[in-house]
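Structure first, then comments.
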Amino acid sequence: MGTTPLPRLVVWPLSAGDHPGTQTRYDNRASAGYDLDVADPQPSGVGSVQVHE
648 MGTTPLPRLV
658 VWPLSAGDHP
668 GTQTRYDNRA
678 SAGYDLDVAD
688 PQPSGVGSVQ
698 VHE
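Numbering (this note's numbering), first residue to last: 648 to 700.
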């Protein structure tokens, strides 16, 4: 039923502003652009996301 969520997760410091530029800390599709029409996000599976500082 429905469609599989396709998350794109990009983490960068707030000091970099509203776009990570070269300061990306994590990107689950590092080779993709930031335009969501061409970013090719990965299908999500079962699980959870935990972010630790």
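For every residue, glycine included, the Cβ atom is placed at its ideal position computed from N, Cα and C.
- Query: What separation, rounded to the nearest whole angstrom, lies between the Cα atoms of R655 and H666?
  - Reply: 14 Å
- Query: Counting only beta-carbon atoms, is L661 nearer than 8 Å to chain C?
  - Reply: Looking for chain C here will not work: only one protein chain is present.
- Query: Near A663, what residues of its chain come up, given a Cβ to Cβ distance below 6 Å and the 5 sequence neighbours on each side ignored?
  - Reply: Q670
- Item | Contact under 8 Å by Cβ, D684 with R676 | no
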